[in-house]
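Engineer: Residue numbers (our numbering), protein chains in the order written: chain A, 1 to 133; chain B, 134 to 207.
No residue lacks a Cβ here, since even glycine has one placed at the ideal position from N, Cα and C.
For reference, the structure I am asking about is given below.
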């Protein structure tokens with residue numbers, strides 16, 4: 001399984017060259033988008049932070065764990081950090097697999113486990129303001 | 134030992150990173166009680182050298198303790 005794990009503080013750029021193989025019959029993409037309502041409160045964005053080394057380690061472990069049940073060919077995981085305005089993606093996942101079921105299941109399980117154990121946090125704070133001169 | 138506190142745990146502890154002398158026999162619970170007694174560990178997890186850790190297991194020769202509030206990635 002080829003894997004790509006990335007954290008970025010700038011808008012997510014979807015990788016243009018899919019790491020497909022000749023055996024890839026399904027490619028599932030997920031974009032997690034920041035919505036304007038968070039716990040019934042109107043927001044302008046979310047501020048993300050992570051314990052990056054620990055998050056990377058746990059995501060790799062999760063990928064291996066899911067692979068045991070739903071083998072796939074390649075996974076791309078990109079998570080935004082810092083301020084993410086409403087309408088922009090905070091998370092991008094792409095899974096390549098032989099068939100649609102492992103591709104969909106892999107994606108779903110990855111997101112479920114991400115929200116359970118991976119040290120990433122969000123809060124609806126306003127973005128940092130530049131100092132007044 | 135480097136002590137890290139994230140998100141809500143940082144708000145409660147009043148620091149994001151701190152270097153603290155630690156005895157290998159100390160537990161995460163004892164260390165936190167010593168440096169930030171106002172922080173209750175309920176709803177928090179400890180992580181030692183990037184692995185989740187029991188609050189009452191000695192940290193040994195580890196170099197980092199992270200205080201992990203409930204996660205919310207995605």
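(1) Would you say the stretch 138-148 of chain B touches the stretch 70-90 of chain A, given that touching needs at least three Cβ pairs under 8 Å?
(2) At a CB-CB cut-off below 7 Å, which residues of chain B make contact with residue 91 of chain A?
(3) Relative to the C-alpha of residue 154 of chain B, which candidate in B:194, B:202, B:171 has its C-alpha closest?
(4) Kindly list, in the order they appear in chain A, the residues whose Cβ is closer than 8 Å to that of residue 165 of chain B.
(5) Taking residue 119 of chain A as the reference, which of B:180, B:158, B:192, B:164 has the closest Cα?
(6) In the structure shown, what three-state DSSP assignment does residue 12 of chain A receive?
(7) Could you tell me the alpha carbon to alpha carbon distance between residue 152 of chain B and residue 95 of chain A, rounded to whole angstroms?
(8) Residue 74 of chain A by DSSP, collapsed to three states: which one?
(9) Per DSSP, what kind of secondary structure is residue 21 of chain A in: helix, strand or coil?
(10) Could you tell me which chain B residues have their CB closer than 8 Å to the CB of residue 117 of chain A, listed as they occur along the chain?
(11) Based on the DSSP secondary-structure assignment, which residues constitute the bridge partners of residue 7 of chain A?
(12) Any beta carbon from chain A within less than 9 Å of residue 137 of chain B's own beta carbon?
(13) Starting from residue 199 of chain B, find everything on chain A with Cβ-Cβ shorter than 9 Å and list it in chain order.
(14) Does the beta carbon of residue 45 of chain A come closer than 9 Å to any beta carbon on chain B?
(15) Between the alpha carbons of residue 187 of chain B and residue 167 of chain B, how many angstroms are there, rounded?
(16) Counting along the chain, where does the alpha helix (DSSP H) carrying residue 117 of chain A start and finish?
(17) I believe residue 206 of chain B touches residue 79 of chain A by the beta-carbon criterion, under 8 Å. Please report the beta-carbon distance rounded to the nearest angstrom.
(18) So within the stretch 26-79 of chain A, which uninterrupted alpha helix (DSSP H) runs reach at least 4 residues, ignoring any that extend past its ends?
(19) Would you kindly work out how many angstroms separate the C-alpha atoms of residue 89 of chain A and residue 34 of chain A, rounded to a whole number?
(20) Can you name, in chain order, every residue of its own chain whose Cβ lies under 7 Å from the Cβ of residue 105 of chain A, other than the five neighbours on each side?
(21) Leaving out five residues before and five after residue 42 of chain A in sequence, what residues of the same chain have Cβ atoms less than 7 Å from its Cβ?
(22) So, are the CB atoms of residue 113 of chain A and residue 76 of chain A less than 9 Å apart?
Structural biologist: Considering the structure as presented:
(1) no
(2) The sequence position of residue 91 of chain A within the first chain is 91, counting from 1. The contacting residues are 207.
(3) Position 21 of the second chain, counting from 1, holds the residue named residue 154 of chain B. When each option's Cα is compared against that of residue 154 of chain B, the closest is B:194.
(4) Here residue 165 of chain B is taken as the residue at index 32 of the second chain, counted from 1. Result: empty, since nearest Cβ-Cβ is about 16 Å, beyond 8 Å.
(5) Along the first chain, read from residue 1 onward, the residue named residue 119 of chain A stands at position 119. Among B:180, B:158, B:192, B:164, the Cα nearest to that of residue 119 of chain A is on B:180.
(6) On the first chain, position 12 is the one that residue 12 of chain A refers to. DSSP places residue 12 of chain A in coil when its eight states are reduced to three.
(7) The sequence position of residue 152 of chain B within the second chain is 19, counting from 1. The sequence position of residue 95 of chain A within the first chain is 95, counting from 1. Residue 152 of chain B and residue 95 of chain A: Cα-Cα distance of roughly 40 Å.
(8) Within the first chain, numbered from 1, the residue matching residue 74 of chain A stands at position 74. Residue state, collapsed to three classes: strand.
(9) Residue 21 of chain A sits at position 21 when you count from the first residue of the first chain. Looking at residue 21 of chain A - three-state DSSP - the assignment turns out to be coil, as it is neither helix nor strand.
(10) Position 117 of the first chain, counted from the first residue, corresponds to residue 117 of chain A. The contacting residues are 185, 204.
(11) Reading the first chain from its first residue, position 7 is the one you call residue 7 of chain A. Paired residue(s): A:79.
(12) Reading the second chain from its first residue, position 4 is the one you call residue 137 of chain B. Yes, residue 137 of chain B counts as interfacial toward chain A.
(13) Numbered from 1 along the second chain, position 66 holds the residue referred to as residue 199 of chain B. By Cβ distance, chain A contributes 51, 54, 119.
(14) Along the first chain, read from residue 1 onward, the residue named residue 45 of chain A stands at position 45. Not closer than 9 Å to any Cβ of chain B, the Cβ of residue 45 of chain A fails to qualify, so no.
(15) Residue numbering aside, residue 187 of chain B sits at position 54 when the second chain is read from its first letter. Residue numbering aside, residue 167 of chain B sits at position 34 when the second chain is read from its first letter. Their backbone Cα atoms lie some 17 Å apart in a straight line.
(16) Here residue 117 of chain A refers to the residue found at position 117 when the first chain is read from its first residue. Unbroken alpha helix (DSSP H) run through residue 117 of chain A: 100-117.
(17) If you number the second chain from 1, residue 206 of chain B lands on position 73. If you number the first chain from 1, residue 79 of chain A lands on position 79. Right, their Cβ atoms sit about 7 Å apart.
(18) 52-69
(19) Against the first chain, residue 89 of chain A aligns to sequence position 89. Against the first chain, residue 34 of chain A aligns to sequence position 34. If I take the Cα positions, the gap works out to 6 Å.
(20) Position 105 of the first chain holds residue 105 of chain A. The answer, listed in chain order, is 70.
(21) Taking the first chain and counting its residues from 1, the one referred to as residue 42 of chain A is at position 42. Hits under 7 Å: 36.
(22) Locating residue 113 of chain A in the first chain gives position 113, counting from the first residue. Locating residue 76 of chain A in the first chain gives position 76, counting from the first residue. Not a contact, by the Cβ cut-off of 9 Å.
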